[in-house]
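Chemist: One structure, pasted below without further comment.
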Amino acid sequence: MKQILPFSHTLYARLYSFLLSVLLAYCLFNAIYSVIIGGKSAYLFSGLVLIFQTILVFKASLNKKIYNVLGLIGLILCLVYLHHWAFLFQHESIAILPSVILALLSLGYFSRQHLRLNVLKLALIFGLFVLAYTQHHDLNTLQNYYNSLHTGETWQQYGAL
């Protein structure tokens, strides 16, 4: 039993890291593409903040709590600047969920018990899935808008969007 437990723990840790990396990369590349074609820039900023926070959460650092809370505050201030207080009713507000979870992971209180830590890790994956779905939905909405214009340009004919 002792041989199975460390192997399964490292396997789960690597799968979790791989899934987290893939979701963050998808969110970031989707946000970059959306900004390039005229979409919302809040997703790009939130993706960069999430990658910054993720690196700091899983890296041993003395100031990771401060940086993660500052990242969360910066993300909220960016959304307030872009949409005033109506950002709570926008789709971009879903980007706060993974950022809050990463800020909670950096606090020692939530990472001391394994059950709380596992729940926060699952909530982070779920929050990133919801963020990826929201970005995909906004990108499809933007593509449908551009398809309705019918300008007949080659980038529309060959599916650049």
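Numbering (my numbering), first residue to last: 6 to 166. Each residue gets a CB set at the ideal place from its N, CA and C atoms; glycine is no exception.
1) Quick check: the segment 40-55 against the segment 10-26, are there 3 or more CB pairs under 8 Å?
2) Restricting to Cα atoms, I'd like to know which of Ala18, Leu29 and Tyr21 is closest to Ala100.
3) Run the CB neighbour count on Gly44, radius 10 Å, all protein chains shown included, and call it buried at 16 or more, exposed below.
4) Is Leu154 helix, strand or coil when you go by DSSP?
5) From Val74 to Asn35, what distance separates their C-alpha atoms?
6) Tell me whether Gln58 is buried or exposed, calling it buried when 16 or more other Cβ atoms sit within 10 Å of its Cβ.
7) Is Tyr48 buried or exposed, if buried means 16 or more other CB atoms sit within 10 Å of its CB?
8) If Gly79 and Pro103 are in contact, beta carbons under 8 Å, what's the gap, nearest whole angstrom?
9) Would you decide whether Ile106 is buried or exposed? Buried here means 16 or more other CB atoms lie within 10 Å of its CB.
10) Run through DSSP, which three-state label would Gln58 get?
11) When DSSP labels each residue in this structure, what does Asn123 get in the three-state scheme?
12) Does the distance from the CB of Tyr72 to the CB of Ala137 come in under 8 Å?
Modeler: Straight from the coordinates:
1) Output reads no: the segment 10-26 does not touch the segment 40-55.
2) In the sequence shown, residue 100 corresponds to position 95, counting from 1. Of the candidates Ala18, Leu29 and Tyr21, the one whose C-alpha sits nearest the C-alpha of Ala100 is Leu29.
3) Position 39 of the sequence shown, counting from 1, holds the residue named residue 44. So Gly44 ends up on the buried side.
4) For the purposes of this step, residue 154 is taken as residue 149 along the sequence shown, with counting starting at 1. Looking at Leu154 - three-state DSSP - the assignment turns out to be coil, as it is neither helix nor strand.
5) For this step, residue 74 is matched to residue 69 along the sequence shown. For this step, residue 35 is matched to residue 30 along the sequence shown. Roughly 25 Å separates the two Cα atoms.
6) If you number the sequence shown from 1, residue 58 lands on position 53. Counting Cβ neighbours within 10 Å, Gln58 comes out buried, since at least 16 surround it.
7) Residue mapping note: residue 48 aligns to position 43 of the sequence shown, counting from 1. Tyr48 is buried by the Cβ-count criterion.
8) Sequence index remark: in the sequence shown, residue 79 carries index 74 (1-based). Sequence index remark: in the sequence shown, residue 103 carries index 98 (1-based). That pair is no contact at about 14 Å.
9) Residue mapping note: residue 106 aligns to position 101 of the sequence shown, counting from 1. Buried, by the Cβ-count rule.
10) As a working mapping, residue 58 is identified with position 53 in the sequence shown. The answer is helix: DSSP assigns Gln58 an H, G or I state.
11) The residue given as residue 123 occupies position 118 in the sequence shown. Asn123 falls in the helix class under three-state DSSP.
12) As a first step, residue 72 must be located in the sequence shown, where it is residue number 67. As a first step, residue 137 must be located in the sequence shown, where it is residue number 132. Taking 8 Å as the Cβ cut-off, Tyr72 and Ala137 do not qualify as a contacting pair.
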